[in-house]
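I have placed the structure first, in the form of structure tokens, so that the comments after it can refer back to it.
In structure tokens, the structure reads:
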């Protein structure tokens with residue numbers, strides 16, 4: 001065991017530093033290199049983007065120095081804590097005497113003039129009398145001008161002209177109706193005569209045949225009452241039909 005101990009060298013404590021010298025701390029290096037401080041531009045970009053709702057994974061891409069999402073989150077919380085603590089520390093700083101020109105007394109704001117005193121409201125009847133329109137005196141009624149009289153006369157003439165046109169139109173309509181009725185009556189009468197003649201030609205009545213026989217028989221001819229010649233004799237068929 002002693003031989004083994006002699007062979008193995010046991011590390012001893014580090015040599016004491018010189019008096020008055022402090023041990024220097026080396027800067028830690030991460031996987032992405034040495035740590036760097038945040039610039040104002042990166043802080044502004046971080047705050048604006050985070051307040052706009054952008055995730056940290058997207059904010060990292062916009063920074064000038066490559067950082068992790070966790071470092072962005074931690075630094076954002078630190079910045080917000082400092083911003084919240086700044087208003088609380090402001091009054092304590094204001095208490096310290098400031099060196100500078102003497103301060104002038106603050107200007108007193110002008111107060112608005114006092115409102116006028118409110119008078120008692122009149123009764124409802126008085127308000128109604130005030131709101132009611134006043135009747136115009138007879139002198140205020142103006143006589144119609146010449147232009148107004150001329151316009152009224154033109155309106156009367158136009159109304160009379162319209163009435164005359166309506167009457168003429170009614171007369172024309174009545175005449176057209178009368179003409180149509182007369183044409184229809186004549187046409188109907190003509191059709192009835194044609195039907196009667198057609199019926200007589202198809203089957204003449206017995207008295208019609210007898211009249212033709214008497215007309216062409218010279219024995220039935222009689223002299224005319226005027227005493228003319230034989231050419232002026234009356235057709236006995238006409239006498240037969242007249243009977």
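Numbering (the UniProt record's numbering), first residue to last: 1 to 243. Glycine included, every Cβ here is placed at the ideal spot set by N, Cα and C.
Within 10 angstroms of the Cβ of residue 59, are there 16 or more other Cβ atoms? Answer buried if so, exposed if not.
-> Position 59 of the chain shown, counted from the start, is the residue given in the question as residue 59. The residue is buried, with at least 16 neighbouring Cβ atoms inside 10 Å.
Going by the beta-carbon positions, is the gap between residue 65 and residue 36 smaller than 8 angstroms?
-> The residue labelled residue 65 in the question sits at position 65 within the chain shown. The residue labelled residue 36 in the question sits at position 36 within the chain shown. The answer is yes: Cβ separation under 8 angstroms.
Taking Cβ to Cβ, would you say residue 38 is nearer than 8 angstroms to residue 77?
-> Numbered from 1 along the chain shown, position 38 holds the residue referred to as residue 38. Numbered from 1 along the chain shown, position 77 holds the residue referred to as residue 77. Not in contact: residue 38 and residue 77 (Cβ atoms no closer than 8 angstroms).
Residue 183 classed as buried or exposed, judged by whether at least 16 other C-beta atoms fall within 10 angstroms | Stepping through the chain shown from its first residue, residue 183 is reached at position 183. Per the 10 Å Cβ criterion, exposed.
Just confirm the distance between the C-beta atoms of residue 62 and residue 49, as a whole number of angstroms; I'd bet it's less than 8 angstroms.
-> Residue 62 sits at position 62 when you count from the first residue of the chain shown. Residue 49 sits at position 49 when you count from the first residue of the chain shown. That pair is a contact at about 7 angstroms.
If you draw a straight line from the alpha carbon of residue 153 to that of residue 176, how long is it in whole angstroms?
-> Residue mapping note: residue 153 aligns to position 153 of the chain shown, counting from 1. Residue mapping note: residue 176 aligns to position 176 of the chain shown, counting from 1. Whole-angstrom Cα-Cα distance: 35 angstroms.
List the endpoints of the continuous alpha helix (DSSP H) containing residue 48.
-> Within the chain shown, the letter at position 48 stands for residue 48. From DSSP, the alpha helix (DSSP H) with residue 48 extends over 40-51.
Can you give me the start and stop residues for the alpha helix (DSSP H) that residue 60 sits inside?
-> Here the question's residue 60 lines up with position 60 in the chain shown. From DSSP, the alpha helix (DSSP H) with residue 60 extends over 56-62.
Would you decide whether residue 67 is buried or exposed? Buried here means 16 or more other CB atoms lie within 10 Å of its CB.
-> Locating residue 67 in the chain shown gives position 67, counting from the first residue. Buried, by the Cβ-count rule.
Would you report the Cα separation of residue 192 and residue 200, rounded to the nearest angstrom?
-> Looking up residue 192 in the chain shown gives position 192. Looking up residue 200 in the chain shown gives position 200. The alpha-carbon atoms of residue 192 and residue 200 are separated by roughly 12 angstroms.
Residue 178 to residue 156 span [Cα, whole Å] = By 1-based counting over the chain shown, the position of residue 178 is 178. By 1-based counting over the chain shown, the position of residue 156 is 156. Near 33 angstroms, if we compare the C-alpha coordinates of residue 156 and residue 178.
Indicate the three-state DSSP secondary structure (helix, strand or coil) for residue 118 in the structure shown.
-> Here residue 118 refers to the residue found at position 118 of the chain shown. Three-state DSSP puts residue 118 in coil, outside helix and strand.
When DSSP labels each residue in this structure, what does residue 111 get in the three-state scheme?
-> Within the chain shown, the letter at position 111 stands for residue 111. Of the three classes helix, strand and coil, the one that applies to residue 111 here is coil, per DSSP.
Which residues in the same chain as residue 56 place their Cβ atom closer than 7 angstroms to its Cβ, once the five residues preceding and following it in sequence are excluded?
-> Here the question's residue 56 lines up with position 56 in the chain shown. Excluding sequence neighbours, residue 56 sits near 69, 72 and 73.
Counting contacts by CB-CB distance shorter than 8 angstroms, is residue 50 in contact with chain B?
-> Chain labels in this structure do not include chain B; a single protein chain is all it has.
Could you tell me the distance, in whole angstroms, from the CA atom of residue 181 to the CA atom of residue 164?
-> Here the question's residue 181 lines up with position 181 in the chain shown. Here the question's residue 164 lines up with position 164 in the chain shown. If you take the alpha carbons of residue 181 and residue 164, they lie about 26 angstroms apart.
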